[in-house]
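This report refers to the structure that appears directly beneath it.
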Amino acid sequence: MSSFSMVLLEGGVDVEVAVNLSEMTSILDAEVPRYSCGDFGYNVRPGRATVGRHWSFEVSVFQLGQPKREFLPLGHMELTAEDKGYVSISIPPRVEQKIPGTDAADWDGKLFGAFVCQLLNSLHERHLIDLPGALPKV
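Note that the sequence shown ends on residue 161 in this note's numbering; no numbers are left out.
Pasting the structure below:
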């Protein structure tokens with residue numbers, strides 16, 4: 024894992040994008056299936072929600088090329104609708120995330136770090152956030 028990914032996981036990520044909640048979930052639906060790290064693909068599954076206001080998502084991985092997908096949890100992220108059509112995306116620091124099985128699936132944070140970097144790169148490619156360049160995937 025790159026040292027940059029490690030810093031993102033340790034400190035967490037909070038960004039605000041100029042789309043509404045529905046648009047952001049559509050972006051996740053379109054982008055996440057393209058993400059990968061080594062032999063793993065990603066899945067984002069909604070959890071608790073306040074319709075139109077807040078969504079909690081669990082991020083998990085699965086082994087590519089396997090006939091039966093076993094999803095291994097990595098962490099979670101929160102989407103919150105803000106005023107004037109903005110959405111706040113929050114990925115809490117890794118130490119604050121209490122999801123059973125994450126240590127077994129991603130003990131060093133490499134897979135979750137790659138997900139976070141790919142998410143930020145996708146937002147940058149869509150001109151929703153500014154980055155100095157593409158973030159490392161691993």
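We treat Cβ as the ideally placed atom computed from N, Cα and C, and that holds for glycine.
All values reported here derive from a predicted model rather than from experimental measurement.
The beta carbons of V139 and L31 sit about 5 angstroms from each other, so the pair counts as a contact at 8 angstroms. Distances from the alpha-carbon of E46 to those of G156, R92, R76 and D62 put R76 closest.
In the three-state reduction of the DSSP assignment, Q86 falls in the strand class, which pools E and B. Within the DSSP bridge table, the entry for F80 names P69 and M100 as partners.
Cβ-Cβ distances below 6 angstroms link V55 to Y65 and V67 in the same chain, with the five nearest sequence neighbours on each side left out; the list follows chain order. Taking a contact as a CB-CB distance under 8 angstroms, the pair L102 and I112 counts as one, their CB atoms being some 6 angstroms apart. Between V36 and Y109, the gap from beta carbon to beta carbon reaches 9 angstroms or more.
In chain order, L158 and P159 place their CB closer than 7 angstroms to the CB of F27, counting only its own chain and leaving out the 5 sequence neighbours on each side. Secondary structure remark: continuous alpha helix (DSSP H) runs of at least 4 residues inside the segment 27-66, in chain order: 44-54.
For V139, there is no enclosing beta strand (DSSP E); the residue is part of the alpha helix (DSSP H) that begins and ends at K133 to E148.
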